[in-house]
Structure formats: C-alpha cells, structure tokens
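Going down the list, the sequences are from chains A and B.
The first sequence runs 1 to 258 under my numbering.
The second sequence runs 1001 to 1310 under my numbering.
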Amino acid sequence: MIRRLKAIAANTFREAVRDKVLYNLVFFFLLLVATAPLLSQISVGVQRVFLINLSLTAISIFGTVISIFVGISLVSKEIEKKTLYPVLARPVGRGEFIVGKYAGLAGTLTVNTAAMALGFYVALWLLMRTLTGADANILLAIYFLLLQFFVIIGLALLFSSFSSPLLSAIFALAMFVAGSFAGDLRAFAHMAQGPQGWLATAASYVVPNLASLNVITNVSHDQIIAPALVGYNTLYSVLYTVVTVSAAALIFSRRNLK
Amino acid sequence: MLAVEILGFSKTYTIGFWRKKQKTGLKDLHLEVPSGEIFGFLGPNGAGKTTTLKLLMGLIFPTAGTARILGRDWRDPSVRARIGFLPEQPYFYDHLTPTELLNYYGALSGVSAADRRLRIPRLLERVGLAGQERVQLRKFSKGMLQRVGIAQAVLHEPEIVFLDEPMSGLDPLGRREVREFIQSLNREGKTIFFSTHILSDAEALCDRVAVVNRGELRGTGLVAELTSHAAGLVDVVWQGNEAIAAVKSLGGECHAAGEMVRATLPESRLREALDALRTRNARLISVNPVGGSLEQYFLQKVGESAGVER
C-alpha cells in the first residue's frame, strides 16, 4: 500500500511541477525585489516588521490559492479526463487514491513554502545584514501557515468529492474566510442564546480554526510563540485533516464515475 | 475454467434534477467467458458495452447482480492485479512520457522497479513506440495514445485483458497492428475481452461473441457456429439459360442476368446440378459454399442497422 501511495503522491507532485504551479515562486521573488526600494524609504525598525508581514502574507496567499484551486481539481480533473480509470482498474483502493493525491499536493506545498521561506530569509539577511535568534521564531509562523494549507487541501478534496469544481472552490473559499474569523465566531457562540447560539456553536466546531494558525503579527513583533500552541495547532490540524480526508475517501468510494 | 462470469448485472441511472427519471443502462446481463478465448462484446453505440466494462472494473456500481473474474468476486483487490484494462478513447497524464506513465502504472500494479526497467523498453518497442520514450504524451497522436493504452494494460502481465473499443479511431494500418497484437497476446495464453461495434474486427479476431443492445443481451455463441448457420448450401454460377429449369427442379433458387445465371441449392444436389449443366452445354463459372456473416447475425439480433460500422 505504501508503494502505491508513494507512486500516486509522486505523480501528483510531478504534475503540479510540470503544470507550472511552482511558477508562483517567481512572483514571490519579484514581489520581494519590487518592495526593496520601498524598504529603503522607511525607518530601520519598521523595515523588518514590514518585510516579515509582507513576505508571510504573500506565502499565505500563494499557498492558500494553490491549496484551494489545485486541491479541488485533484480528483475532478482525473474524473473529467478519465485518467482515473486505468488507476482504479488496478489494485488501488479509492481511499488510497484520495490519500495519495492529498499527500502529493501537501508535498508540493511543503516544497513551495520552503522555497519561499528561504527567499524570505535571504531578503531578511540582505536587509539586516544579520540573522538573530528571534528570526528563527518566524519559522513557527511559516510552519503554522503550512498547517493551514494542509487543512485547506483536505477541505478542497472533501468538497470536490461530491460537488462540481466551481461549487467546491466557492465552499473552500467560504470555509477559508470563515476559518480566518473563527475566533470571532467562537466569541459570538458564547454570547448568543437559544437556537442562534447552538447554530453558532455548531458552526464554530465545523469551521476550521485558521485564526489560531495565523501568528504573523506576533512574530513580526518578536512575541514568543508558546510551545503549547505549537502542540495544539499541530494536533488540531492533523485531526481536522484526518476527518476531512477520511470523509472525502468515504464519499468517493461510493461514487459512480461517469 | 471461466475467466469472466457475469451474473445478472443491472445498472439503472437516475437522470434529471427536479423530475428524476430512471434510465436503464444494463438489464439482467448474464455472460460467461471461458479462459484463453478472444471474446467480442458487440453492440451499437450506447448498447451497454462500456457500462458493462465499467461495472467489471469497479468504476461504477451495479444496481443488481454480481460477477466473478478468475473465479473470485469481481471486487476482490487481488483480482485487479491479474487483469488489464484499456478504457475507451484513453486519455493519459499528458505531462508524462510513456516511460514515466508505464512506471507509474507498473508501480500501482505491484511490478517491481527491476521488472519495470526490463519490461517497459521491450513493451514500447512491441507496440511500435520505440524512440518515443522521452516525448511527453501531450504530443502524441490518437493512434499513439492507443498504443500506450494497450501497453499499460499488459505491462503487469495480466491473465485477462479488457479492451474497450481498442480499434476505435485508428487508421486501417493501426487497426491491423492492434489486431495482430491482440492475437499475439492470446497466443501467450491471455484471455481477451474486447468491446467493439466494428464487426469485421470481431469476425477476424474472436472465438466467441455476445451481442448486446439497449442494455440487454441479444445473443451469444462461437463465431464459427454463428457464421456457418447457412452451411449446407452452395452457390453455382454458369453461363446459359437452358439449364435453369433443370436446376430449379433440384430445389435451386435461380437468378438470371442475361446469359449469366446464379443458383443457390442444397449441397447434396450439387452433383446432379453439375450433370444438368454439362448435358445442356452450360459454361460453369464458379461453385462456392454459402456462409453467413457475423454482420447478418448481428443485424438479426439487434434488429436495426443503425450504428453499425463495417
């Protein structure tokens, strides 16, 4: 089974690379180059904060867009183009296929994020001419962003297992937006009473808590990220992803292919 | 031993969003394919051939019925390693080269890396794609993709190969090559189950055929038997009208066009007919046995000629 999962994941990764998904790195690089003259016009203390915020927000946006739009096409494209037929005619379970596709895109995003992180650190070094211990803290923010991508890929895969690519994109985007405000949703759920309160509480559990994964502002101001939060976010993301990918596999395993 | 045994496969589709309607794709299909045969699954477009193959491959689920492949339940994962499948109008990952594609499918079928390294170049050469190993599939013609499709279906050396319209869209040369390839696979001991609506291919290749139309099995049998149902009759062609009455008296059906006469009569009366021609100085042109064609059988079973390509 592991060999098959590896083969599916490797093929997904190769497809993403050959379909020029990683070209977003060029845009990221150009963004950093374009902001260089801007940085020279602001004070030294603010430069670092600005660069961190800009770079991490760019990593978040690029990664989220790839997670949603490549994620929703992972299965639907295979069905539409019928490339799936010779795969499922082999001793490959539908669940294996879903997990393999997930792993392939998660791997692609890991490489993509690592490359952008490297670009960011090079830019930071060029700006500050040194890297400090506090700068290592930024890696945690990037790690959280990666967890966010993993959660979103799971959601995109889940939606695409039963709906059209357009609807899947809309659902996944809606979940991303709602998840980014998960903290507010939970606060509202605490305050609301009656059916409204129950509904808000249910929604706050269904919607991914992406707000907790966003610590860009904290690290840009050198606030220490508590180890407990790292553990909590890791566990939460893994569990959330296991649930969404399992649900996607379950739905897909019962689906008639056109 | 039976390679494939279909026991009452039925498939009903629900169509429409508000007003849901039931559409029958396949109705209570029973079919047996013995091991080692080339089996042709015939039917006009939309008859249920692809639906049957999709059901056997586990791509769709039956509304009713079951099947056995190589003696096991058709959903058994171990069966999947022993069968090969070429879908209709195959489309493969166009970012891959044929070698990469076959490597991928080989890994999924459990073929070891060492075996893949050995088999892939040989197979590509065998299907006529030597020299194209490093070309991405997006640059391949339809015929070349069909060859890749056949290669992926047999890479893991399956016992049964299911081919959905393998000759569809190929030029005459390509069709002949695929026909020869199928025959060579059969000589190696593989059972071939292929669907087609091109009857000449089926007639040239198959040991046994089944005809399906509108989701129902209309008939099945050995090609040799189906095409010899008119055996026992001979066609005699000669020049000279004087012998017509004599041949008619022997039970022959005569059609004259000027001096040329053609008669179909029982083979048992041939000697007498030839004597009658000789005594009346008729010039004998030809004597041929009458055989039925698969097309005749197909048209009889389907009851219409629409969708038949020959």
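Note that beta-carbon positions come from the ideal geometry of N, C-alpha and C, so glycine has one too.
In this text, all values refer to a predicted model and were calculated from it rather than measured experimentally.
What whole-angstrom Cβ distance do Ala1311/B and Gly1240/B have, given they're in contact under 8 Å? Limits of chain B in this structure are 1001 at one end and 1310 at the other, which puts residue 1311/B out of reach.
Hey, is the stretch 1192–1211 of chain B in contact with the stretch 1166–1174 of chain B, meaning 3+ C-beta pairs nearer than 8 Å? The answer is yes - the stretch 1166–1174 of chain B touches the stretch 1192–1211 of chain B, with three or more Cβ pairs under 8 Å.
Residues in the same chain with beta-carbon distance under 8 Å from Leu1217/B, minus the five sequence neighbours each way, listed in chain order, please. Leu1029, His1030, Leu1031, Ala1210, Val1211
Leu1222/B versus Phe1162/B - alpha carbon distance: 19 Å
Any idea what DSSP makes of Glu1309/B, helix, strand or coil? A caution first: Glu1309/B carries a pLDDT of 43, below 50, which makes its placement in the model too unreliable to give a value.
Return the Cβ separation of Leu1265/B and Ala1273/B in integer angstroms, given the expectation that the two are a contact with Cβ distance under 8 Å. 6 Å
Alpha-carbon spacing of Val1033/B relative to Leu1108/B, whole angstroms: 27 Å
Out of Leu185/A, Pro165/A, Gln196/A, Tyr143/A, which has the shortest C-alpha to C-alpha gap to Tyr232/A? Tyr143/A
Of all Cβ atoms in chain B, is any one closer than 8 Å to the Cβ of Pro86/A? Answer yes: the Cβ-Cβ gap between Pro86/A and chain B drops below 8 Å somewhere.
Residue from Asn209/A, Phe188/A, Pro208/A with nearest C-alpha to Ala200/A: Phe188/A
Got a sec? Which residues, its chain only, sit under 7 Å from Ala247/A by beta carbon, not counting five neighbours each side? Leu158
If you check the beta carbons only, do Val245/A and Gly104/A fall under 8 Å apart? no
Rounded distance between the beta-carbons of Leu139/A and Ile59/A, thought under 8 Å: Wrong, their Cβ atoms sit about 12 Å apart, outside the cutoff.
With a threshold of 8 Å between beta carbons, is Ala1003/B in contact with chain A? Cβ-Cβ to chain A under 8 Å: no for Ala1003/B.
What residues in the stretch 1084–1113 of chain B bring their beta carbon closer than 7 Å to a beta carbon of chain A? Phe1085, Pro1087, Tyr1091, Phe1092, Tyr1093, His1095, Tyr1104, Tyr1105, Ala1107, Leu1108, Ser1109, Gly1110
Cut-off 6 Å between Cβ atoms - residues of its own chain near Ile1120/B, not counting five sequence neighbours on either side: Thr1099, Leu1102
Counted within 10 angstroms of its Cβ, other Cβ atoms place Asn1288/B as buried (16 or more) or exposed: Exposed, because fewer than 16 other Cβ atoms sit within 10 Å of the Cβ of Asn1288/B.
Where Phe1061/B meets chain A, residues with beta-carbon distance less than 8 Å: Arg254, Asn256
Other residues of its chain near Phe13/A: CB distance less than 7 Å, five sequence neighbours each side excluded: Gly104, Gly107, Thr108
Distance, Leu30/A Cα to Ala192/A Cα: 46 Å
So, does the CB of Ile251/A fall closer than 8 Å to a CB anywhere in chain B? no
Evaluate the contact criterion for the stretch 1148–1157 of chain B versus the stretch 1065–1075 of chain B: three or more CB pairs, one atom per stretch, below 8 Å. no
Checking contacts by CB at 8 Å: is Arg1080/B closer than that to chain A? Interface residue, yes.
Assuming Val99/A contacts Ala211/A (C-beta within less than 8 Å), just tell me the rounded distance between them. Actually they are not in contact, since the Cβ atoms of Val99/A and Ala211/A sit about 28 Å apart, beyond 8 Å.
Pick from Asn218/A, Val21/A, Leu38/A, Pro208/A: whose alpha carbon is nearest that of Asn137/A? Asn218/A
Comparing alpha-carbon positions, which option in Tyr102/A, Thr57/A, Ser160/A, Gln148/A lies nearest Lys6/A? Tyr102/A
Against chain A, does Gly1307/B count as a neighbour if the rule is that its beta carbon must be under 8 Å from one of theirs? Any answer about Gly1307/B is weak, because its pLDDT of 45 lies below 50 and its placement is not dependable; what the coordinates show is given next. No, Gly1307/B lies away from the interface with chain A (no Cβ there is under 8 Å from its Cβ).
Pair every Cβ in the stretch 1169–1186 of chain B with every Cβ in the stretch 1001–1015 of chain B, then say whether three or more of these pairs are closer than 8 Å. no
Going along the stretch 72–83 of chain A in order, which residues come within less than 8 Å of chain B, judged by CB to CB distance? Lys81, Lys82, Thr83
Check whether Phe1301/B and Gly1232/B have beta carbons under 8 Å apart: The question names Phe, yet the displayed sequence has Lys at residue 1301/B. Going by C-beta atoms, Lys1301/B is not nearer than 8 Å to Gly1232/B.
As a quick exercise: from Leu54/A, Ala169/A, Leu185/A, Pro165/A, pick the residue whose alpha carbon is nearest that of Phe260/A. Residue 260/A falls outside the range modelled here, since chain A spans only 1 to 258, and no answer is possible.
Anything in chain A within Cβ reach of Pro955/B, meaning under 8 Å, just list it in chain order. In the structure displayed, chain B extends from 1001 to 1310; residue 955/B sits before or after that span and is not available.
Leaving aside the five residues before and after Phe1041/B along the sequence, list all residues of the same chain whose C-beta is less than 6 Å from its C-beta, in chain order. Lys1049, Ser1195, Ala1210
Between the alpha carbons of Val1308/B and Leu1199/B, how many angstroms are there, rounded? The predicted position of Val1308/B is uncertain, since its pLDDT is 44 and thus under 50; a value taken from the coordinates is nonetheless stated next. Taking the straight line from one Cα to the other gives about 8 Å.
Enumerated in chain order, which unbroken segments of the alpha helix (DSSP H) with a length of 4 residues or greater are wholly contained in the stretch 1093–1135 of chain B? 1098–1108, 1113–1126
Spatial neighbours of Lys1054/B within its chain, please: CB distance less than 6 Å, with the 5 preceding and 5 following residues excluded, ordered by chain position. Taken in chain order, the residues that qualify are Ile1060.
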